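Peer 1: Counting from 98, one number per residue, gives the positions in the sequence shown under the working numbering. Attaching a single structure in structure tokens format; questions to follow.
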Amino acid sequence: MTSNLTDKGLRDLKLIKRALDQGDTTAYNELMKYTEILYILCYLKSW
């Protein structure tokens with residue numbers, strides 16, 4: 098799975114693992130920066 102990811106994708110995957118596995122709030126806060134764009138993309142996809 099990771100072989101198809103960009104450098105940014107690998108960084109994000111590490112953040113996700115840290116947030117989930119270790120409860121790292123710094124990683125979680127970094128991921129929360131994406132929430133607005135994710136909502137927009139989901140909304141546009143539903144059209």
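No residue lacks a Cβ here, since even glycine has one placed at the ideal position from N, Cα and C. In this text the structure is predicted, and so the values were computed from the model without any measurement.
#1: If you draw a straight line from the C-alpha of T122 to the C-alpha of L135, how long is it?
#2: Among S100, L112, L107, which has the Cα closest to the Cα of L128?
#3: According to DSSP, is T118 part of a helix, a strand, or is it coil?
#4: Can you grab the Cα-Cα spacing for the pair R107 / S100, in whole Å?
Peer 2: Quick look at the numbers:
#1: Residue numbering aside, residue 122 sits at position 25 when the sequence shown is read from its first letter. Residue numbering aside, residue 135 sits at position 38 when the sequence shown is read from its first letter. Those two C-alpha atoms are separated by around 20 Å.
#2: Taking the sequence shown and counting its residues from 1, the one referred to as residue 128 is at position 31. Checked all of S100, L112, L107; the closest Cα to L128 is L112.
#3: Here residue 118 corresponds to residue number 21 of the sequence shown, with the count starting at 1. The residue you asked about is not Thr; residue 118 is Asp in the sequence shown. DSSP, reduced to helix, strand and coil, places D118 within a helical segment of the structure shown.
#4: Walking along the sequence shown from the start, residue 107 turns up at place 10. Walking along the sequence shown from the start, residue 100 turns up at place 3. For the sequence presented, residue 107 should be read as Leu rather than Arg. Just so you know, the alpha carbons of L107 and S100 end up roughly 9 Å apart.
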